[in-house]
Amino acid sequence: MQRTIFNTPIVTPILRQLARLMLKLHGWRVVADRQALELKKYVLLGAPHTTNWDGYYFILTALKLKLVPQWMGKDKLFAFPLGGIMRWFGGIAVDRSKANNLVEATITQYRQRDSLVIAVPPEGTRGAAERWKTGFYHIARGAAVPVVCGFIDFPKKEVGLGPVMQMGENLAAELARLGEFYAGKIGKFPQRYTPPV
Numbered sequence: 032m033q034r035t036i037f038n039t040p041i042v043t044p045i046l047r048q049l050a051r052l053m054l055k056l057h058g059w060r061v062v063a064d065r066q067a068l069e070l071k072k073y074v075l076l077g078a079p080h081t082t083n084w085d086g087y088y089f090i091l092t093a094l095k096l097k098l099v100p101q102w103m104g105k106d107k108l109f110a111f112p113l114g115g116i117m118r119w120f121g122g123i124a125v126d127r128s129k130a131n132n133l134v135e136a137t138i139t140q141y142r143q144r145d146s147l148v149i150a151v152p153p154e155g156t157r158g159a160a161e162r163w164k165t166g167f168y169h170i171a172r173g174a175a176v177p178v179v180c181g182f183i184d185f186p187k188k189e190v191g192l193g194p195v196m197q198m199g200e201n202l203a204a205e206l207a208r209l210g211e212f213y214a215g216k217i218g219k220f221p222q223r224y225t226p227p228v
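With the working numbering, letter number 12 in the sequence shown gets 43, and the count goes up by one each step, no holes.
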C-alpha cells in the first residue's frame with residue numbers, strides 16, 4: 032500500500048491529533064454516515080467545491096475519520112521535484128497514453144486493490160461550471176462500487192460523509208438524487224457552486 036499523509040506510521044497518528052485540534056479551534060463539526068465508515072471501496076464525492084479551503088478541511092476530516100483517500104492525476108503532475116509530495120498527499124499517477132481515459136484507468140485501480148477510496152470533486156473546478164462532470168458515475172458503475180457523498184457546509188461549519196449511494200442505470204435520476212442531498216450544503220462562495228442538474 033502506498034504511504035500517504037493518511038497512513039504513515041508515527042506521523043499520521045500525530046497528524047490525526049493535530050487535525051482534531053484544528054477542527055475544534057476552527058469550530059467545525061465532523062459528521063459521518065456509519066455505513067460509509069465501514070466501506071473499503073467507494074468513490075468519495077467532494078462538494079460543494081468553491082474554494083481551496085475545501086481541501087484543507089477535507090484533509091483534516093479524512094485524518095480525524097481515519098480515512099485513506101486518494102485521487103487520480105496525470106503522470107505529468109508527478110514529475111520531479113513535486114512527485115513525492117503529490118504521492119504523499121494521496122495522488123496516484125495515471126499514464127493516460129496507455130489507458131483509454133482516466134475513468135478506465137481508475138476502474139482498473141479499483142479492480143486491482145482490496146481497498147480504495149478515490150476522492151472526486153464532481154464540479155471539476157472551484158468556479159461556476161455548466162454542469163457536474165460525470166466521470167465519478169461511470170467509475171462507480173464500472174468498478175461496481177458505491178458513491179459516498181462527502182460534503183462541506185460553511186454556514187453550519189459541518190464537514191463529513193453523507194449517505195452511501197449505489198449508482199443505478201439512469202444517470203439523470205442519479206444526478207437528481209445527488210442534487211437533493213447537496214441542495215442543503217452551502218460552500219464558502221455559494222455563487223460558484225455548480226449543482227449536479
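The beta-carbon is built from N, C-alpha and C at its ideal position, and this holds for glycine as well.
* Asked: Rounded to whole angstroms, how far is the Cβ of V134 from the Cβ of G166, which I believe are closer than 8 Å?
  -> For the purposes of this step, residue 134 is taken as residue 103 along the sequence shown, with counting starting at 1. For the purposes of this step, residue 166 is taken as residue 135 along the sequence shown, with counting starting at 1. Their Cβ separation, rounded to whole angstroms, is 5 Å, which keeps V134 and G166 in contact under 8 Å.
* Close-in-space but distant-in-sequence residues of the same chain around L96 (CB under 8 Å, 5 per side omitted) -> Against the sequence shown, residue 96 aligns to sequence position 65. Answer for L96: V61, A63, L68, G191, L192, listed in chain order.
* Answer yes if the segment 216-228 comes into contact with the segment 74-85, meaning at least three C-beta pairs across the two stretches below 8 Å, and no otherwise. => Contact between the segment 74-85 and the segment 216-228 is present, because at least three Cβ pairs lie under 8 Å.
* Own chain partners of E211 with C-beta closer than 7 Å, once the 5 adjacent residues on each side are dropped -> Within the sequence shown, residue 211 is the residue found at index 180, counting from 1. No residues qualify anywhere along the chain.
* **Inter-stretch contact (C-beta, 8 Å, three-pair minimum) for the segment 167-177 and the segment 136-153** => Yes, the segment 167-177 touches the segment 136-153.
* Asked: What three-state label does DSSP hand G114 in the structure shown?
  -> For the purposes of this step, residue 114 is identified with residue 83 of the sequence shown, where counting begins at 1. Helix.
* Runs of beta strand (DSSP E) lying entirely within the segment 117-194, each at least 3 residues, in chain order -> Counting only runs of 3 or more, we get 122-125, 147-151, 178-184.
* Own chain, CB closer than 7 Å to R162, minus 5 neighbours either side, in chain order -> Reading the sequence shown from its first residue, position 131 is the one you call residue 162. Within its own chain, the residues whose Cβ lies closer than 7 Å to the Cβ of R162, once the five positions on either side in sequence are excluded, are T225, listed in chain order.
* **Rounded separation between L108 and T43 - CA only** => Locating residue 108 in the sequence shown gives position 77, where the first residue counts as 1. Locating residue 43 in the sequence shown gives position 12, where the first residue counts as 1. Taking the straight line joining both Cα atoms gives about 24 Å.
* Label P152 either buried or exposed according to how many other C-beta atoms from any shown protein chain fall within 10 Å of its C-beta, with 16 as the threshold for buried. => One-based indexing of the sequence shown puts residue 152 at position 121. Around the beta carbon of P152, 16 or more other beta carbons lie within 10 angstroms, which makes this residue buried.
* Asked: Smallest Cα separation from V178: which of G199, G158, A93, D184?
  -> Residue numbering aside, residue 178 sits at position 147 when the sequence shown is read from its first letter. Nearest of G199, G158, A93, D184 to V178, Cα basis: G199.
* Are there 16 or more other CB atoms within 10 angstroms of the CB of L113, so buried, or fewer, so exposed? -> Position 82 of the sequence shown, counting from 1, holds the residue named residue 113. Burial state of L113 is exposed, judged by a 10 Å Cβ sphere holding fewer than 16 other Cβ atoms.
* Alpha carbon to alpha carbon, how far is M53 from A130? Give it in angstroms, no decimals. => Taking the first residue of the sequence shown as position 1, residue 130 is located at position 99. Taking the first residue of the sequence shown as position 1, residue 53 is located at position 22. Its pLDDT being 48, under 50, A130 is placed unreliably in this model, and the coordinates cannot settle the point.
* Residues of its chain near A93, where Cβ-Cβ distance is below 7 Å and the 5 sequence neighbours each way are ignored -> Indexing the sequence shown from 1 puts residue 93 at position 62. Excluding positions up to five away in sequence, the list reads F37, P100.
* Asked: What residues in its chain sit with their C-beta under 7 Å from that of Y88, if we drop five residues either side in the sequence?
  -> Counting from 1 along the sequence shown, the entry for residue 88 is found at position 57. Non-local C-beta neighbours of Y88 in its own chain, meaning closer than 7 Å and more than five positions away in sequence, comprise W59, I183, V190, ordered along the chain.
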